[in-house]
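Before any comments, here is the structure.
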Amino acid sequence: MIKSIAKRLFWEKYLGLVWLNPQADDSAYICAALLKPHFTIILEIFAEFGLERVETEWQSLLQEGES
Numbered sequence: 243m244i245k246s247i248a249k250r251l252f253w254e255k256y257l258g259l260v261w262l263n264p265q266a267d268d269s270a271y272i273c274a275a276l277l278k279p280h281f282t283i284i285l286e287i288f289a290e291f292g293l294e295r296v297e298t299e300w301q302s303l304l305q306e307g308e309s
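Add 242 to a position in the sequence shown, counting from 1, and you land on the number used in this note's numbering.
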């Protein structure tokens with residue numbers, strides 16, 4: 243519960259990434275940030291979620307592009 247509150251507070255700074263769905267999950271926010279790269283946002287996402295998580299979302303985006 244506390245973790246989900248912390249995540250929600252983290253994403254409140256970046257509501258514009260998924261403005262159509264403020265209840266979107268972390269993956270949606272991370273993918274949106276990767277598609278509209280802004281160095282400081284991506285850096286904060288790395289710090290919050292780790293390189294592995296962001297890389298996983300990037301690979302997912304690449305696979306979607308191949309479909």
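Ideal Cβ placement from N, Cα and C applies to all residues, glycine included.
Predicted, not measured: the structure shown is a model, and the values here were computed from it.
Query raised in the report: E297: which of T282, I283 and C273 sits nearest, CA to CA?
Result: Closest option to E297, judged by alpha-carbon separation, among T282, I283 and C273: C273.
Report task. Report yes if the C-beta distance between L303 and L259 is below 8 Å; otherwise report no. Result -> No. Outside cutoff.
Query raised in the report: For the alpha helix (DSSP H) that contains V314, what are its first and last residues?
Result: Outside the displayed span of the chain (243 to 309) sits residue 314, for which this structure offers no information.
Query - L277, enclosing alpha helix (DSSP H) - first and last residue - result: L277: member of the alpha helix (DSSP H) spanning D268 to L277, first to last residue.
Requested in this report: Report the rounded CA-to-CA distance for F252 versus E308, giving the unit in angstroms.
Outcome: When rounded, the distance between both Cα atoms is 31 Å.
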